[in-house]
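Data block below; observations after.
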Amino acid sequence: MVLYTSPFPNSFLSVLHSFSWGLIFPCYWLADRLVASFVPTTYEKRQRADDPCYFHALCIIITTPIYLALLVASLPFALIGFLLWSPLQSARRPYIYSRLEDKTHANGATLLTEWKAAGNGKSFCFGSANVCLLPDSLARFNNVFNTQARAKEIGRRIRNGASRPQIKIYIDSPTNTSISAASFSSLVSPQGGDNTNRTVSAGIKRTTSMEYKGDNSGLNNSEDGREEKGGAGESNEGEENTCIVRINGEDNGHLSDTEPDTVNGQAHASGPAEPSPEGDTEISKTPNHKQKDGDSGSLDSYSASRESLVKVRVGDGTADQSTVNNKLLYKASIMKKTSVRKKKHTDETFDHEISAFFPANLDFLCLQEVFDKRAAEKLKEQLHHYFEYIVYDVGVYSCHGCCSFKFVNSGLLFASRYPVMDAAYHCYPNGRGTDSLASKGALFLKVQVGSTPQDQRIVGYISCTHLQAIAGDTTVRCEQLDMLQDWLSEFRKSTSSSSTANPDELVAFDVICGDLNFDNCSSEDKLEQQHSLFTHYKDPCRIGPGEDKPWAIGTLLDPEGLYDEEVCTPDNLQKVLESEEGRKGYLVYPTSKNHSSSQKGRKASLKGNGRRIDYMLYTEEGLYLEWKVEVEEFSFITQLAGLTDHLPVAMRLMVSTGEDDP
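To convert, note that position 588 of the sequence shown is 652 in my numbering; the numbers rise steadily by one, no gaps.
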């Protein structure tokens, strides 16, 4: 199957389309700005509350007539442009495939060789997020604004989070059954960087090695940190070099004695760290990290939260080791506290957490509501610093391909570190209401993730979708789920080059990601909860129809609280969502006739932990029979706090092949 790298089959149609859109755009932009000026967000309302002169009201009075006059003047040109633009959509391709042109930063081919070196299997990490990149006037109805700037910021946060080192911190405690908060993951760095000894404080020791690929390509780190790579960092290129750090929580709360350790030939000395010129001692600062005040989730920050670095004021002298130990004891108690609500889930087979960052070494990313084309371009440019392959501008326009007129595309975007082999898009023909104005549908992708020693391709299937959003349209969503399954089955058949007798390809995974717009706890969503999709695909957060696992939380944020100080940063939102009372204040909960739609500040008992409408599903059906697929980690991510009204989710799958490849 040919991947479409341009929206039209020839340059003449592309030029004609650009010309027609150039005639439409002034009218579109003026209308968008005019409506946006009358739909303020809560952030803007708070800013204007301190304006005694009503300056903004005066600006609206002055600019509104100007906008109206220019809008009327641009209408004739927009009409001519529309008459050219609309018929051109019949020749438009359903998506644009973009591959990083800078070959020095491309690493997709290198990743394919890792499967052979992995031996008994490999893990893959998937992420999904609804980013609400609508035209600014429409985005404001979800209490977010400045779509173009948000698109750029979202892209930078995602790639900075994904390119950070992958380090896990565990606490030896009977109540701890999962990874500790990601905020503690920067205590130990896996590389020397400046060839100096790193400090491993008392009670922390390395117990095993893990995969670390944060520096194995030029595009896996932000431009700001490239100069800091060197020495040990460069020598680790292409090899696994991360660690798990374990904190002993026994012995009446005292930390165990310091034990020097060596990982991959790098010695880490015990004892107090050298004081920094500013008078702060930082314990194993993450590579390429630039600490900013209150900005651990910002563009250049690689620490996960304000608990991620232990700092000791040393003044003019050397830091006292007992002070460092006390700090670590305090941090350990924090981490134990965050694990309290996981006590009942000691039988869980995988780790789960609320993380302030996207997972390290994120392999695949599925985004929804990337409707604005200019925002999609900005987002793509940022994501290309980490992902080599991107499929964007997915969907159809005008009356072509679907039953009703489509003003915007599907909003789907897919990014991958691995080569995309095939792609297909289908539009749901049964959209209703305002949803019918967008070409919502499903994007199906086939990616190559490796090859066996016998040169058999190892592939995976990923589906990204966004279902009908209007409440009460249960039947519509169920029909769309039916179509999703049928289209996926057809896509797998049409793109498969294998037979049972001669398998040229081995399927490693089949994953579905997206915003399904129903949750597993609302009584009004019972029909979707019992859909046959969940008999073929597994939901790691679900026990059964109408019941989620106790650690699963909602992914739909209350728009009214997006800019509250308690949740406006990744760290703050992470802290709030770790408590039940915090979730009640800032998540949208399953609908109930006994409660009003706004839960802000509510203390009453509510069902579940919020509306979880963003899903990540996987299946064991249709894969290579001798392989086993298991969930390693599942994360709810707060890194996009203040940028969207949804919580991103991530899942890491381990594909186990046994000791020998087939």
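Beta carbons are placed, not taken as given, at the ideal position from N, Cα and C, and that holds for glycine.
Can you tell me whether DSSP reads residue i as helix, strand or coil?
{"i": "L426", "result": "coil"}
{"i": "G672", "result": "strand"}
{"i": "N184", "result": "coil"}
{"i": "A113", "result": "helix"}
{"i": "G495", "result": "coil"}
{"i": "E412", "result": "coil"}
{"i": "R716", "result": "strand"}
{"i": "I506", "result": "Note on residue identity: the sequence assigns Ala, not Ile, to residue 506. Strand at A506."}
{"i": "R214", "result": "helix"}
{"i": "C44", "result": "Nothing can be reported for residue 44, as the shown portion of the chain is limited to 65 through 726."}
{"i": "R223", "result": "helix"}
{"i": "A487", "result": "strand"}
{"i": "V460", "result": "coil"}
{"i": "G686", "result": "coil"}
{"i": "T708", "result": "coil"}
{"i": "V434", "result": "strand"}
{"i": "Q446", "result": "helix"}
{"i": "Q512", "result": "strand"}
{"i": "E694", "result": "strand"}
{"i": "V455", "result": "strand"}
{"i": "G191", "result": "strand"}
{"i": "F205", "result": "helix"}
{"i": "E630", "result": "coil"}
{"i": "T721", "result": "coil"}
Between residue i and the rest of its own chain, which residues show a CB-CB distance below 8 Å, the 5 nearest in sequence each way excluded?
{"i": "L447", "result": "G219, I222, R223, L429, I454, A479"}
{"i": "L77", "result": "L152, A155"}
{"i": "L197", "result": "A203, T211, R214, A215, I218, E433, V434, F435, D436, A439, A440, L443, G475"}
{"i": "N636", "result": "E629, E630, A705"}
{"i": "R647", "result": "I617, G618, V640, L641, N673, G674"}
{"i": "E685", "result": "D574, H600"}
{"i": "F469", "result": "S462, C463, L501"}
{"i": "Q593", "result": "F582, N584, P609, G610"}
Looking only at its chain, what residues have a beta carbon closer than 6 Å to the beta carbon of residue i, apart from the 5 residues adjacent to it on each side?
{"i": "G225", "result": "F421, F422, Q703"}
{"i": "S101", "result": "I124"}
{"i": "L681", "result": "I576, Y601, D603"}
{"i": "S201", "result": "D96, V99, A100"}
{"i": "R716", "result": "S187, C189, E696, E697"}
{"i": "R112", "result": "H120"}
{"i": "C528", "result": "C430, L476, F478, L507, C577, G578"}
{"i": "S48", "result": "Outside the displayed range of the chain (65 to 726) lies residue 48, so it cannot be described from this structure."}
{"i": "A193", "result": "L431, P712"}
Sorted by chain position, which residues of the same chain lie with C-beta nearer than 7 Å to residue i's C-beta, five sequence neighbours on each side aside?
{"i": "P623", "result": "N206, N207, D709"}
{"i": "I607", "result": "K613"}
{"i": "L552", "result": "F508, S527"}
{"i": "Q549", "result": "L597"}
For the alpha helix (DSSP H) containing residue i, list its first residue and its last residue.
{"i": "A479", "result": "Looking at the DSSP string, A479 is not in any alpha helix (DSSP H); the run it does join, the beta strand (DSSP E), is 477-480."}
{"i": "K648", "result": "644-650"}
{"i": "F119", "result": "119-152"}
{"i": "K470", "result": "Looking at the DSSP string, K470 is not in any alpha helix (DSSP H), and its letter there is neither H nor E."}
{"i": "V640", "result": "634-641"}
What first and last residue would you give for the beta strand (DSSP E) that runs through residue i?
{"i": "I677", "result": "Taken as a continuous stretch (DSSP letters only), I677 belongs to no beta strand (DSSP E), as it is neither H nor E."}
{"i": "H530", "result": "521-530"}
{"i": "R163", "result": "160-163"}
**Message:** So, does the region 494-505 touch the region 516-527, judging by three or more C-beta pairs under 8 Å?
**Reply:** With a cut-off of 8 Å, the region 516-527 and the region 494-505 do not count as touching, because too few Cβ pairs lie within range.
**Asked** Looking at C-beta atoms only, is the number of pairs between the region 432-447 and the region 480-491 that lie closer than 8 Å three or more?
**Response** In short, these stretches do not touch, since the Cβ pair count stays below three.
**Item:** Meets three-Cβ-pair contact criterion under 8 Å: the region 609-626 and the region 676-688
**Value:** Yes, they touch.
**Contiguous alpha helix (DSSP H) assignments of at least 4 residues, all confined to the region 65-106** = Runs of the alpha helix (DSSP H) lying entirely within the region 65-106 and spanning at least 4 residues, in chain order: 75-100.
**Prompt:** Counting only runs that start and end within the region 536-615, where is the alpha helix (DSSP H) found for 4 or more residues in a row?
**Reply:** Runs of the alpha helix (DSSP H) inside the region 536-615: 538-559, 590-593, 597-600.
**Request:** State whether the region 639-652 contacts the region 127-134, with contact taken as three or more CB pairs (one from each stretch) at a distance under 8 Å.
**Result:** By the criterion of at least three beta-carbon pairs nearer than 8 Å, the region 639-652 is not in contact with the region 127-134.
**Message:** Contact between the region 607-615 and the region 502-522 is defined here as three or more beta-carbon pairs at a separation below 8 Å; is this criterion met?
**Reply:** These segments do not touch.
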